[in-house]
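Each number in the working numbering corresponds to the 1-based position in the sequence shown with 102 added.
Yeah, the Cβ is synthetic: ideal placement off N, Cα and C, and Gly gets one too.
None of the values given here were measured: they were computed from a predicted structure.
Structure record follows, encoded as C-alpha cells.
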Amino acid sequence: MESIMRNDTKTAIVQMEANVLAELLTEVKETIASNINLNELVSKKQPYGIVDLWNMRRNSRTATYRRRNF
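See the structure below:
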C-alpha cells in the first residue's frame with residue numbers, strides 16, 4: 103500500500119552573522135504570572151474516580167475504532 107502523504111525533507115542551513123545569532127539566543131521575552139496562588143489551584147482539583155477511568159477506556163476504544171475503519 104502506498105503512502106498517501108510523502109515527505110521530502112532537506113536539511114536547511116541558515117547562515118547569519120555571529121552578533122545576530124548571539125542576540126537571538128540571549129533575548130528572552132517572558133511574563134511571569136505573579137498573581138497565581140498554587141494552593142488554590144490544588145484545592146480546586148476534582149476527585150478522580152472509576153467513572154473517569156471508564157470514560158478514558160471508552161474514548162480510547164472509540165478512537166481505535168475510528169482509526170481502523172475510516
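Would you identify the three-state DSSP class for residue 167, choosing helix, strand or coil? As a position in the sequence shown, residue 167 is number 65, starting the count at 1. The answer is helix: DSSP assigns residue 167 an H, G or I state.
If we ignore side chains and look at the alpha-carbon of each, how far apart do residue 127 and residue 155 end up? On the sequence shown, residue 127 is found 25 positions in, with the first residue counted as 1. On the sequence shown, residue 155 is found 53 positions in, with the first residue counted as 1. Cα-Cα distance, rounded: 44 Å.
Under the three-state DSSP convention, the category residue 129 falls into: Working through the sequence shown from its first residue, we reach residue 129 at position 27. Coil.
Going straight from the alpha carbon of residue 116 to that of residue 130, what length do you get? Locating residue 116 in the sequence shown gives position 14, counting from the first residue. Locating residue 130 in the sequence shown gives position 28, counting from the first residue. Answer to the nearest angstrom: the Cα atoms are 21 Å apart.
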